[in-house]
Amino acid sequence: MNLYYYASPATFYPLAGRLIPWFAALAAILTAVGLYISFFMAPTDFQQGEGYRIIFIHVPAAWMSMFIYVVMAFWSAIGLAWNTRLSFVMARSLAPTGAMFTFVALWTGAFWGKPMWGAWWVWDARLTSELILFFLYVGVMALQAAIDDPRRSDRAGALLNLVGVINVPIIYFSVKWWNTLHQGSSVSLTRAPSMAHIMLWGMLIMALAAWMYSIAVALVRARSLIIERERQTDWVRSLLEEKP
Amino acid sequence: MLSAHDLACERGDRLLFRNLGFELQSGEALMVRGGNGHGKTSLLRILCGLSTPAAGEVRWRNQPIRQAHEQFGREMAYIGHNNGIKDDLTPIENLRLAAALGGRSLDQAQATHALGQVGLARCLDIPARVLSFGQRRRVALAGLMTAGALLWILDEPLTGLDVHGVAMVEQLIRDHVVAGGLAIMTTHQALALDGVTPKTLSVGD
Amino acid sequence: MLSAHDLACERGDRLLFRNLGFELQSGEALMVRGGNGHGKTSLLRILCGLSTPAAGEVRWRNQPIRQAHEQFGREMAYIGHNNGIKDDLTPIENLRLAAALGGRSLDQAQATHALGQVGLARCLDIPARVLSFGQRRRVALAGLMTAGALLWILDEPLTGLDVHGVAMVEQLIRDHVVAGGLAIMTTHQALALDGVTPKTLSVGD
Amino acid sequence: MNWESWGAFWAMGGYGLYVWGSFGVTLLCIVGEIWLLRRHRLQTWQRLKRLKSWDSQ
Amino acid sequence: MLRFLFTVIRRDIMLAARRRGDWLTAQFFFVMVVSMFPLGVGPEPSMLRTIGPGVVWVAALLASLLSLGRLFADDFRDGTLEQMLLSPYPNTLLALGKAIAHWLINGIPLLLIAPVLGIQFNLPPEALWILVLSLAIGTPILSLLGSIGAALTLGLRGGGVLVTLLILPLYVPALIFGAGAVEGVLSGTGAEAHLSLLGAFLMMSLLLAPWVSAMALKVSVE
Amino acid sequence: MLRFLFTVIRRDIMLAARRRGDWLTAQFFFVMVVSMFPLGVGPEPSMLRTIGPGVVWVAALLASLLSLGRLFADDFRDGTLEQMLLSPYPNTLLALGKAIAHWLINGIPLLLIAPVLGIQFNLPPEALWILVLSLAIGTPILSLLGSIGAALTLGLRGGGVLVTLLILPLYVPALIFGAGAVEGVLSGTGAEAHLSLLGAFLMMSLLLAPWVSAMALKVSVE
Ligand code: HEM
Ligand SMILES: Nc1ncnc2c1ncn2[C@@H]1O[C@H](COP(=O)(O)OP(=O)(O)OP(=O)(O)O)[C@@H](O)[C@H]1O
Ligand SMILES: Nc1ncnc2c1ncn2[C@@H]1O[C@H](COP(=O)(O)OP(=O)(O)OP(=O)(O)O)[C@@H](O)[C@H]1O
Ligand SMILES: [Mg+2]
Ligand SMILES: [Mg+2]
Numbered sequence: 008m009n010l011y012y013y014a015s016p017a018t019f020y021p022l023a024g025r026l027i028p029w030f031a032a033l034a035a036i037l038t039a040v041g042l043y044i045s046f047f048m049a050p051t052d053f054q055q056g057e058g059y060r061i062i063f064i065h066v067p068a069a070w071m072s073m074f075i076y077v078v079m080a081f082w083s084a085i086g087l088a089w090n091t092r093l094s095f096v097m098a099r100s101l102a103p104t105g106a107m108f109t110f111v112a113l114w115t116g117a118f119w120g121k122p123m124w125g126a127w128w129v130w131d132a133r134l135t136s137e138l139i140l141f142f143l144y145v146g147v148m149a150l151q152a153a154i155d156d157p158r159r160s161d162r163a164g165a166l167l168n169l170v171g172v173i174n175v176p177i178i179y180f181s182v183k184w185w186n187t188l189h190q191g192s193s194v195s196l197t198r199a200p201s202m203a204h205i206m207l208w209g210m211l212i213m214a215l216a217a218w219m220y221s222i223a224v225a226l227v228r229a230r231s232l233i234i235e236r237e238r239q240t241d242w243v244r245s246l247l248e249e250k251p
Numbered sequence: 226m227l228s229a230h231d232l233a234c235e236r237g238d239r240l241l242f243r244n245l246g247f248e249l250q251s252g253e254a255l256m257v258r259g260g261n262g263h264g265k266t267s268l269l270r271i272l273c274g275l276s277t278p279a280a281g282e283v284r285w286r287n288q289p290i291r292q293a294h295e296q297f298g299r300e301m302a303y304i305g306h307n308n309g310i311k312d313d314l315t316p317i318e319n320l321r322l323a324a325a326l327g328g329r330s331l332d333q334a335q336a337t338h339a340l341g342q343v344g345l346a347r348c349l350d351i352p353a354r355v356l357s358f359g360q361r362r363r364v365a366l367a368g369l370m371t372a373g374a375l376l377w378i379l380d381e382p383l384t385g386l387d388v389h390g391v392a393m394v395e396q397l398i399r400d401h402v403v404a405g406g407l408a409i410m411t412t413h414q415a416l417a418l419d420g421v422t423p424k425t426l427s428v429g430d
Numbered sequence: 226m227l228s229a230h231d232l233a234c235e236r237g238d239r240l241l242f243r244n245l246g247f248e249l250q251s252g253e254a255l256m257v258r259g260g261n262g263h264g265k266t267s268l269l270r271i272l273c274g275l276s277t278p279a280a281g282e283v284r285w286r287n288q289p290i291r292q293a294h295e296q297f298g299r300e301m302a303y304i305g306h307n308n309g310i311k312d313d314l315t316p317i318e319n320l321r322l323a324a325a326l327g328g329r330s331l332d333q334a335q336a337t338h339a340l341g342q343v344g345l346a347r348c349l350d351i352p353a354r355v356l357s358f359g360q361r362r363r364v365a366l367a368g369l370m371t372a373g374a375l376l377w378i379l380d381e382p383l384t385g386l387d388v389h390g391v392a393m394v395e396q397l398i399r400d401h402v403v404a405g406g407l408a409i410m411t412t413h414q415a416l417a418l419d420g421v422t423p424k425t426l427s428v429g430d
Numbered sequence: 123m124n125w126e127s128w129g130a131f132w133a134m135g136g137y138g139l140y141v142w143g144s145f146g147v148t149l150l151c152i153v154g155e156i157w158l159l160r161r162h163r164l165q166t167w168q169r170l171k172r173l174k175s176w177d178s179q
Numbered sequence: 606m607l608r609f610l611f612t613v614i615r616r617d618i619m620l621a622a623r624r625r626g627d628w629l630t631a632q633f634f635f636v637m638v639v640s641m642f643p644l645g646v647g648p649e650p651s652m653l654r655t656i657g658p659g660v661v662w663v664a665a666l667l668a669s670l671l672s673l674g675r676l677f678a679d680d681f682r683d684g685t686l687e688q689m690l691l692s693p694y695p696n697t698l699l700a701l702g703k704a705i706a707h708w709l710i711n712g713i714p715l716l717l718i719a720p721v722l723g724i725q726f727n728l729p730p731e732a733l734w735i736l737v738l739s740l741a742i743g744t745p746i747l748s749l750l751g752s753i754g755a756a757l758t759l760g761l762r763g764g765g766v767l768v769t770l771l772i773l774p775l776y777v778p779a780l781i782f783g784a785g786a787v788e789g790v791l792s793g794t795g796a797e798a799h800l801s802l803l804g805a806f807l808m809m810s811l812l813l814a815p816w817v818s819a820m821a822l823k824v825s826v827e
Numbered sequence: 606m607l608r609f610l611f612t613v614i615r616r617d618i619m620l621a622a623r624r625r626g627d628w629l630t631a632q633f634f635f636v637m638v639v640s641m642f643p644l645g646v647g648p649e650p651s652m653l654r655t656i657g658p659g660v661v662w663v664a665a666l667l668a669s670l671l672s673l674g675r676l677f678a679d680d681f682r683d684g685t686l687e688q689m690l691l692s693p694y695p696n697t698l699l700a701l702g703k704a705i706a707h708w709l710i711n712g713i714p715l716l717l718i719a720p721v722l723g724i725q726f727n728l729p730p731e732a733l734w735i736l737v738l739s740l741a742i743g744t745p746i747l748s749l750l751g752s753i754g755a756a757l758t759l760g761l762r763g764g765g766v767l768v769t770l771l772i773l774p775l776y777v778p779a780l781i782f783g784a785g786a787v788e789g790v791l792s793g794t795g796a797e798a799h800l801s802l803l804g805a806f807l808m809m810s811l812l813l814a815p816w817v818s819a820m821a822l823k824v825s826v827e
């Protein structure tokens with residue numbers, strides 16, 4: 008079947024090679040447009056002044072951080088169920104990008120919180136669960152880095168991923184409840200009231216750029232992983248000869 | 226009964242062996258030969274189902290061993306470079322626990338008897354931790370004797386044993402095979418099983 | 226040069242040996258014999274100063290080894306049942322670190338050469354963790370070769386080695402002794418040092 | 123166009139540190155990731171080449 | 606089947622009894638961590654009462670983590686784990702048995718010590734009671750989830766600390782509901798909701814964890 | 606002599622670099638333990654600020670305790686410790702070198718992370734600064750005293766209690782002076798007195814600890 012055809016590393020490798028430039032280019036263009044909107048078209052917020060412009064990276068990064076984790080878990084599940092090498096590779100190549108976006112969400116959140124709330128950090132439900140998500144990413148990466156044997160490390164990482172993805176919603180709701188049950192602090196997440204259309208567009212375009220970027224980066228990483236693992240096969244050997 | 230088809234094993238950057246296959250029937254022994262680092266241990270671990278081969282499969286009574294987990298577990302016994310005994314327990318407790326985990330029952334007297342046979346009559350109730358290198362190996366061998374398994378997979382059973390120990394192991398394996406058992410082993414020393422000629426299999430370059 | 230006087234060793238309730246003494250001069254080898262658990266390892270650990278005897282003392286160049294700690298440490302090399310190599314380092318790094326800790330310097334080329342001699346030329350830069358049982362033993366032997374020690378204390382140096390390995394160790398010990406070194410060893414296998422007849426010492430019952 | 127001058131642009135109405143701190147670090151992260159990725163790729167290729175030349179010896 | 610489960614549990618208890626010192630260490634660690642806090646944060650009683658449940662719970666979590674490092678590691682090193690995996694019974698049972706044994710050995714003593722520590726923090730009697738109850742439901746979760754981490758990190762250099770990294774985030778719900786229950790009593794909002802959520806979380810871990818850790822074990826001994 | 610000391614240090618740093626994952630994990634442990642506390646005790650900022658210094662200090666203590674477990678244990682298991690003890694140099698140097706390496710590897714990173722954690726607890730900048738300073742003086746103490754415990758645990762099988770009993774109480778002064786210094790800043794009473802006491806304690810451990818742990822090592826390998 009078609010799907011099986013593309014799931015073979017030997018076909019996937021060149022295909023990914025052809026797709027990467029397109030995704031990279033799209034990411035660059037969308038970022039340029041998004042930045043233009045965020046700095047030159049979006050009006051000043053009447054409550055938060057110019058500080059709110061952080062939203063144009065904060066929100067896309069936060070979205071990506073959660074989304075990538077789910078996608079990773081998806082590939083892990085497929086890998087464990089059908090033992091397809093490619094899905095493990097995909098899961099693995101997404102992790103660093105996901106961790107990076109989580110970090111960016113945390114960082115920009117902190118840099119937003121300082122002017123808006125007067126504190127770099129508060130133990131709000133959303134913030135706390137994002138922090139824990141970061142720990143989960145780091146955990147998966149640390150585990151995979153600690154195991155030399157690729158097969159073992161793929162499987163171990165995938166198992167951890169699945170356990171994590173079941174837990175993330177539980178963690179989120181528990182944290183949320185924890186916070187609201189004894190809400191002692193005066194600060195709470197102030198939302199930009201009704202976002203102007205143009206701001207929404209800016210955010211969406213930036214989010215799309217983040218998507219394209221993630222896909223491109225993950226594909227590049229996947230390609231490196233693939234040739235490393237398939238080095239005994241004929242197609243990699245001939246590839247190594249072709250490109251000096 | 227045990228057959229291996231087209232096995233291949235990769236470790237790190239190296240292909241240790243490939244297209245390796247054999248068949249072993251009741252009453253036969255197989256000696257795996259090869260120098261240091263040629264992949265004997267790796268092969269044995271594949272055969273007992275602890276690691277998965279890069280290609281090929283192992284069958285027991287014509288079923289892949291992954292599927293026959295329960296039956297294979299009951300009929301196979303493995304001794305690796307590690308003895309698989311708990312340092313904090315005495316030899317007797319070690320044997321009895323191992324039996325219980327394998328679903329067999331072994332009473333005090335039987336365990337004592339087995340340990341006596343491997344020459345540990347004086348070390349029944351000191352913790353295994355203080356035993357000497359060779360004595361620890363002997364505890365593992367006593368465990369093998371009481372396991373009542375049909376297939377023995379032994380990775381260098383002679384290491385650390387003195388001359389009496391070596392003679393004892395030879396006798397043990399011979400009796401097992403003559404009684405219809407299967408044995409797969411590796412060793413770098415001479416191993417004389419009089420009356421039984423093991424098949425041999427060379428691993429690695 | 227090395228002499229033991231009236232040594233006794235107790236372990237738990239057992240007296241492993243007592244009144245044990247010998248003297249070893251430059252160019253002599255001593256083979257310690259005894260079955261499993263008779264106390265060979267215990268004796269060797271006393272000789273190299275890792276454990277204290279229940280009675281008696283060990284002297285090196287006529288000085289008790291406790292007092293001659295520095296000189297003895299420089300002139301003695303010990304290999305036990307444990308190889309004393311770090312799993313996370315490559316064989317080369319292992320050798321060079323061991324040398325540095327002993328106050329010697331060993332460059333990359335010398336280390337490579339020593340490893341080549343013990344047959345590990347292909348395993349220079351993989352971590353020792355993934356080496357096979359016999360290969361790890363060989364790393365320890367390479368360390369011995371580069372230690373430049375006068376007195377070698379080797380506890381079963383042949384375990385896990387294949388035939389080439391055994392021949393290599395025999396040669397190594399022979400050359401060392403012929404060149405005026407001292408060697409004390411135990412083994413359960415045959416060890417042929419042609420031209421050199423080791424003294425023997427029996428331990429235990 | 124929102125900004126009268128470059129100075130105003132960089133000042134971000136007094137939020138310069140926070141806005142540029144966020145965008146700057148994001149940029150750093152992305153550049154860093156791409157750089158690491160590139161390095162990993164090159165290293166992989168070199169290693170495979172070396173291994174292959176070993177094998178053919 | 607059940608015989609196998611009991612044998613696994615009996616074996617671990619026997620081993621723990623043989624090294625009673627180690628086992629006591631984990632309990633002492635618990636006591637020490639909790640007692641260290643008043644030294645670190647100052648002696649004011651009302652503040653201590655507020656942080657009390659949280660501190661006891663975090664300490665319980667750390668104590669269970671500490672002992673988890675060795676859950677499979679010793680057996681792995683001396684080769685007995687291989688032997689057990691090769692036994693004719695499902696590996697899930699093995700994983701379950703080990704987790705249960707861990708709870709019996711390390712969890713139950715915590716329950717007995719906790720009230721004493723609660724008193725150090727001036728908790729009122731009804732809060733003490735809920736503290737024990739919440740630990741009784743919560744500590745099995747720690748053992749179960751922890752067994753996953755222990756299995757995944759088996760044989761890895763420094764696996765002990767890696768376990769922490771993998772498992773602590775997963776413990777968060779247990780911590781929140783557990784400490785929350787006690788605080789609920791202190792603040793008068795009641796503990797039932799928290800406790801029942803904790804119970805649900807326990808059920809889920811009981812269903813999933815042994816299965817996952819059996820898979821992880823298989824992967825790790827490869 | 607000094608060459609030997611440097612070699613021991615270099616060796617340990619090399620080994621740590623070889624398992625970078627492991628090392629990073631220890632730092633993350635520190636971060637996670639600190640982050641767990643608010644989840645246990647609740648998010649109220651003013652309360653968190655009060656307990657902040659204590660929590661960070663206790664976490665630093667636990668992190669160093671955890672990594673100490675492996676200070677000699679790995680070397681003991683693979684026989685390299687024996688080899689090092691047989692080397693022609695004094696064993697005190699070996700013990701000192703191991704303790705220094707432990708501090709360089711595990712102590713220094715704590716100093717760098719601590720301010721970030723302080724921010725999570727809303728500590729003001731001057732308190733952050735004193736927090737780092739107190740950790741800079743305090744963490745070497747933890748490494749030095751801890752090496753005694755690590756050396757003792759090698760031999761005394763199951764004598765783990767003794768070590769926790771022995772070492773954690775010894776850590777108490779470091780904890781009290783260290784956390785006290787930061788609280789002194791918060792409450793306006795100043796930090797100098799605390800810091801100088803901490804310094805004196807450091808001097809004392811530097812003099813005694815390597816010597817004691819060398820003796821303990823000798824006993825342990827017997
Ligand atoms: C370290 C601090 C912060 C973290 C970790 C964080 C995390 C997140 C996450 C995970 C989301 C996505 C949630 C979702 O889509 O449901 C999000 C969205 C958002 N955040 Fe933050 N945040 C932080 C600080 C802030 C601050 C200080 C503000 C503004 C004052 C802010 C404003 C927003 C807004 C407006 C959204 C989009 C709302 C929506 O999609 O419903 N965040 N943040
Ligand atoms: N990650 C790796 N990279 C390179 N080589 C590896 C890796 N892992 C294992 N090896 C090699 O695989 C081989 C494993 O050998 P194995 O333990 O099966 O040998 P053996 O035949 O049992 O040897 P011995 O007689 O010494 O016990 C070794 O040569 C080892 O160097
Ligand atoms: N606490 C103890 N109680 C009783 N016996 C003990 C105790 N500690 C050690 N022993 C005995 O002391 C002996 C130690 O022997 P050692 O390790 O020196 O033997 P070995 O000659 O090296 O044997 P091998 O050839 O097997 O290596 C063993 O017989 C062991 O049973
Ligand atoms: Mg082998
Ligand atoms: Mg011995």
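Residue numbers (this note's numbering), protein chains in the order written: chain D, 8 to 251; chain V, 226 to 430; chain Y, 226 to 430; chain B, 123 to 179; chain L, 606 to 827; chain R, 606 to 827. No residue lacks a Cβ here, since even glycine has one placed at the ideal position from N, Cα and C.
To the nearest angstrom, how far is it from the Cα of residue i to the Cα of residue j?
i                         : j                      : result
methionine 185 of chain D : alanine 786 of chain R : For the sequence presented, residue 185 of chain D should be read as tryptophan rather than methionine. Cα to Cα, tryptophan 185 of chain D sits roughly 32 Å from alanine 786 of chain R.
leucine 33 of chain D     : glycine 129 of chain B : 31 Å
leucine 771 of chain L    : leucine 759 of chain R : 27 Å
glycine 359 of chain Y    : alanine 353 of chain Y : 11 Å
Is the beta carbon of residue i less than 8 Å from the beta carbon of residue j?
i                         : j                        : result
aspartate 313 of chain V  : leucine 807 of chain L   : no
methionine 652 of chain L : threonine 655 of chain R : yes
Over the uninterrupted beta strand (DSSP E) stretch that includes residue i, give me the two end residues.
i                         : result
valine 221 of chain V     : As shown, chain V starts at 226 and ends at 430. That puts residue 221 of chain V outside it, with no answer to give.
isoleucine 378 of chain Y : 376-380
tyrosine 303 of chain Y   : 301-304
In three-state DSSP terms, what is residue i?
i                       : result
arginine 682 of chain R : helix
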